[in-house]
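Engineer: Structure provided below as structure tokens; questions to follow.
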Ligand SMILES: Nc1ncnc2c1ncn2[C@@H]1O[C@H](COP(=O)(O)OP(=O)(O)OP(=O)(O)O)[C@@H](O)[C@H]1O
Ligand SMILES: [Mg+2]
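Numbering (the UniProt record's numbering), first residue to last: 1 to 389.
Structure follows, in structure tokens:
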């Protein structure tokens, strides 16, 4: 995947002259020590990250950790004190105000926590707003706004005023307005945080659904780790202006790397987060013949054809015979195959103790084997069997 946005050593000190603060930070000082010595607030302390094109990139952290400052530096509502922000390889930090306005207008759009709709304008005019700024002709922008309103499920609400809509609907309008511009980067700062839990879940599902077809690069800021896990393809965790952990949701829960991060992961529903791929065991080849391959490992044995597709299961007795005689036994056993992306909650539901369980890729090729032990160990957050504790 190509890189859409890259941030290199970004600092933000809220001060007219950040020189001394930068020196302190670069010399290993912290946000606290800068405040203690200079009375200046550090927003960002040497943040670097890379956002792949099409990512749903989550910025997560406690209040005051610097999430909004980071987002605001990316669209340059905040002036960075040092560092580079590369948009498709071009550093936007040195751009003139005029060039910057152009970038903001055409490349990025922003969705805030509090809808920020124009109260006296109808819903459709709110959605058109970004297009109007871009100089899109009235008829054309009206058509686009109507399209996008129906995408977010508000087709019938275009000619109402914002105050006639519920909070969740207003947030949809905000989302529609951001989507209407066709900007390839969407920055959403706590966009769903003010919504009731049910509406919030609905909006999250909506965003996931939209993203499947829109394939935007989304920078999504949240202080809710569950939300980050649900939506994110990658998560960056911030603390005191620093980026302290970055990775896929599964990798962060598996290896938080610090107590600060571990504290977020404690309540996570592991059965819904982890997939079959993350716990499967590599298959060991036990036998190879002209018309098949037998592999074994966790959860029994499987007979594969030459394309490594599963054709049968082999029970323990049959595996023992095979090992003794070196011959493929006559009997066959039952088996199950699950896709590698299947969540453990679903794997556990389909699990049968008398079936060998294979994990297969998109083409149906076997990539691993799975037993109850691996599934349970991961759900219970134990070191997986066979792994060093
Ligand atoms: N305009 C400003 N002037 C001075 N300090 C600021 C300004 N904006 C933010 N800060 C400070 O920068 C730090 C990071 O703030 P920021 O708003 O980025 O945090 P956040 O992670 O978005 O928090 P929240 O979850 O509460 O939105 C905080 O210490 C905050 O006080
Ligand atoms: Mg914030």
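Think of the CB as a built atom: it goes at the ideal place given N, C-alpha and C, for glycine as much as any other residue. As the structure is a prediction and not an experimental result, all values here were calculated from the model.
Tell me whether residue 170 is buried or exposed, calling it buried when 16 or more other Cβ atoms sit within 10 Å of its Cβ.
Structural biologist: One-based indexing of the chain shown puts residue 170 at position 170. The residue in question, residue 170, is buried, as its Cβ has 16 or more Cβ neighbours within 10 Å.
Engineer: Sort 69, 328, 283 by Cα distance to residue 221 and report the nearest one.
Structural biologist: Along the chain shown, read from residue 1 onward, the residue named residue 221 stands at position 221. Considering only alpha carbons, the answer is 69.
Engineer: Around ligand 2, what residues have a beta-carbon under 7 Å from a heavy atom of it, in chain order?
Structural biologist: Taken from the N-terminal end onward, the list reads 67, 68, 189, 190, 221.
Engineer: Cα separation between residue 394 and residue 42?
Structural biologist: Here the chain covers residues 1 to 389 and nothing more, so residue 394 does not appear.
Engineer: Got a sec: does ligand 1 put a non-hydrogen atom nearer than 7 Å to the Cβ of residue 65?
Structural biologist: In the chain shown, residue 65 corresponds to position 65, counting from 1. Yes.
Engineer: Can residue 41 be considered in contact with ligand 1, in the sense that its beta carbon sits closer than 7 Å to one or more heavy atoms?
Structural biologist: Within the chain shown, residue 41 is the residue found at index 41, counting from 1. Yes; taking the cut-off as 7 Å, the Cβ of residue 41 has a heavy atom of ligand 1 nearer than that.
Engineer: Please find out if some non-hydrogen atom of ligand 1 comes closer than 7 Å to the beta-carbon of residue 225.
Structural biologist: Locating residue 225 in the chain shown gives position 225, counting from the first residue. No, ligand 1 has no heavy atom inside 7 Å of this Cβ.
Engineer: Hey, which unbroken runs of the beta strand (DSSP E) at 3 residues or more fall wholly within the region 314 to 369?
Structural biologist: Correct list: 335 to 339, 356 to 360.
Engineer: Would you check if there are 3 or more beta carbon pairs closer than 8 Å linking the region 15 to 27 to the region 69 to 83?
Structural biologist: A contact exists between the region 15 to 27 and the region 69 to 83.
Engineer: Give the secondary structure of residue 52 by DSSP, where H, G and I count as helix, E and B as strand, and everything else as coil.
Structural biologist: For this step, residue 52 is matched to residue 52 along the chain shown. Note: residue 52 maps to strand in three-state DSSP.
Engineer: Only counting the same chain, and skipping five residues up and downstream in sequence, which positions put a Cβ closer than 8 Å to that of residue 104?
Structural biologist: Along the chain shown, one-based indexing puts residue 104 at 104. Excluding positions up to five away in sequence, the list reads 75, 76.
Engineer: Between the C-alpha atoms of residue 215 and residue 55, what's the straight-line distance to the nearest angstrom?
Structural biologist: Your numbering for residue 215 matches position 215 in the chain shown. Your numbering for residue 55 matches position 55 in the chain shown. When rounded, the distance between both Cα atoms is 8 Å.
Engineer: In the DSSP assignment, the beta strand (DSSP E) including residue 188 goes from what residue to what residue?
Structural biologist: Taking the first residue of the chain shown as 1, we reach residue 188 at position 188. 185 to 189 is the span of the beta strand (DSSP E), which, as asked, contains residue 188.
Engineer: Within 10 angstroms of its Cβ, does residue 366 collect 16 or more other Cβ (buried), or is it exposed?
Structural biologist: Taking the first residue of the chain shown as position 1, residue 366 is located at position 366. Residue 366 is buried by the Cβ-count criterion.
Engineer: Just list the residues that DSSP pairs residue 45 with in beta bridges.
Structural biologist: In the chain shown, the residue the question calls residue 45 occupies position 45. BP columns for residue 45 point to 11.
Engineer: Have a look at residue 226 and residue 268 and give me their C-alpha separation to the nearest angstrom.
Structural biologist: Residue mapping note: residue 226 aligns to position 226 of the chain shown, counting from 1. Residue mapping note: residue 268 aligns to position 268 of the chain shown, counting from 1. Roughly 7 Å between the two C-alpha positions.
Engineer: Can you give me the C-alpha to C-alpha distance between residue 358 and residue 369, rounded to a whole angstrom?
Structural biologist: Against the chain shown, residue 358 aligns to sequence position 358. Against the chain shown, residue 369 aligns to sequence position 369. Rounded to whole angstroms, residue 358 to residue 369 spans 5 Å at the Cα level.
Engineer: Kindly indicate the opening and closing residues of the beta strand (DSSP E) around residue 390.
Structural biologist: The structure shown has nothing for residue 390, since the chain only spans 1 to 389.
Engineer: What are the boundary residues of the beta strand (DSSP E) that residue 220 is part of?
Structural biologist: Position 220 of the chain shown holds residue 220. Residues 217 to 222.
Engineer: I need the straight-line Cα distance from residue 33 to residue 121, nearest angstrom please.
Structural biologist: Along the chain shown, read from residue 1 onward, the residue named residue 33 stands at position 33. Along the chain shown, read from residue 1 onward, the residue named residue 121 stands at position 121. Taking the straight line from one Cα to the other gives about 47 Å.
Engineer: Restricting to Cα atoms, I'd like to know which of 198, 271, 372 is closest to residue 167.
Structural biologist: Walking along the chain shown from the start, residue 167 turns up at place 167. Ranking 198, 271, 372 by Cα distance to residue 167 puts 198 first.
Engineer: Tell me whether residue 388 sits in a helix, a strand or coil according to DSSP, three-state version.
Structural biologist: As a first step, residue 388 must be located in the chain shown, where it is residue number 388. Only weak support is given to the placement of residue 388: the predicted model assigns it a pLDDT of 41, under 50, and the question is left unresolved by the model.
Engineer: CB of residue 264 to nearest heavy atom of ligand 1: below 7 Å?
Structural biologist: The residue labelled residue 264 in the question sits at position 264 within the chain shown. No - ligand 1 has no heavy atom lying nearer than 7 Å to the Cβ of residue 264.
Engineer: What number of angstroms, rounded off, separates the C-alpha of residue 248 from the C-alpha of residue 237?
Structural biologist: Your numbering for residue 248 matches position 248 in the chain shown. Your numbering for residue 237 matches position 237 in the chain shown. So the two alpha carbons sit approximately 11 Å from each other.
Engineer: Excluding the 5 residues flanking residue 295 on each side, which residues of the same chain have their C-beta closer than 8 Å to its C-beta?
Structural biologist: Within the chain shown, residue 295 is the residue found at index 295, counting from 1. 283, 284, 285, 286, 301, 302, 304, 366, 369, listed in sequence order.
Engineer: Between residue 166 and chain D, is the shortest Cβ-Cβ distance under 8 Å, so that the two count as touching?
Structural biologist: Absence of chain D from the displayed structure is noted, only one protein chain being present.
Engineer: Report yes or no: do the region 311 to 328 and the region 245 to 259 share at least 3 C-beta pairs separated by less than 8 Å?
Structural biologist: Too few Cβ pairs lie closer than 8 Å, so no.
Engineer: Could you give the DSSP three-state label for residue 110: helix, strand or coil?
Structural biologist: Residue mapping note: residue 110 aligns to position 110 of the chain shown, counting from 1. It is a strand residue.
Engineer: Under the rule that 16 or more other beta-carbon atoms within 10 Å means buried, what is residue 190, buried or exposed?
Structural biologist: Start at 1 with the first residue of the chain shown, and residue 190 comes out as number 190. Buried: at least 16 other Cβ atoms inside 10 Å.
Engineer: State yes or no: is the C-beta of residue 247 nearer than 7 Å to some heavy atom of ligand 1?
Structural biologist: Counted from its first residue, the chain shown places residue 247 at position 247. No, Cβ of residue 247 sits at least 7 Å from all heavy atoms of ligand 1.
Engineer: Given a threshold of 16 other Cβ atoms within 10 Å of its Cβ, counted over all protein chains shown, does residue 389 qualify as buried or as exposed?
Structural biologist: On the chain shown, position 389 is the one that residue 389 refers to. With a pLDDT of only 38 at residue 389, under the threshold of 50, the placement of this residue in the model should not be trusted; the figure read from the coordinates follows. Looking at its Cβ environment, which holds fewer than 16 other Cβ atoms inside 10 Å, residue 389 is exposed.
Engineer: Using 7 Å as the cut-off, classify the Cβ of residue 192 as near or not near the heavy atoms of ligand 1, replying yes or no.
Structural biologist: The count along the chain shown starts at 1 and reaches residue 192 at position 192. Result no, Cβ not under 7 Å from ligand 1.
Engineer: When you compare only the Cα positions, how much space is there between residue 277 and residue 262?
Structural biologist: Here residue 277 refers to the residue found at position 277 of the chain shown. Here residue 262 refers to the residue found at position 262 of the chain shown. So the two alpha carbons sit approximately 22 Å from each other.
Engineer: Hey, would you say the C-beta of residue 112 is under 7 Å away from at least one heavy atom of ligand 1?
Structural biologist: As a working mapping, residue 112 is identified with position 112 in the chain shown. Checking the Cβ of residue 112 against ligand 1 gives no.
Engineer: Between the region 84 to 97 and the region 157 to 164, can you find at least three pairs of beta-carbon atoms closer than 8 Å?
Structural biologist: Counting Cβ pairs under 8 Å, fewer than three are found: no touch.
Engineer: So what's residue 40 in DSSP terms, helix, strand or just coil?
Structural biologist: By one-based count along the chain shown, residue 40 stands at place 40. The answer is coil: DSSP assigns residue 40 none of H, G, I, E or B.
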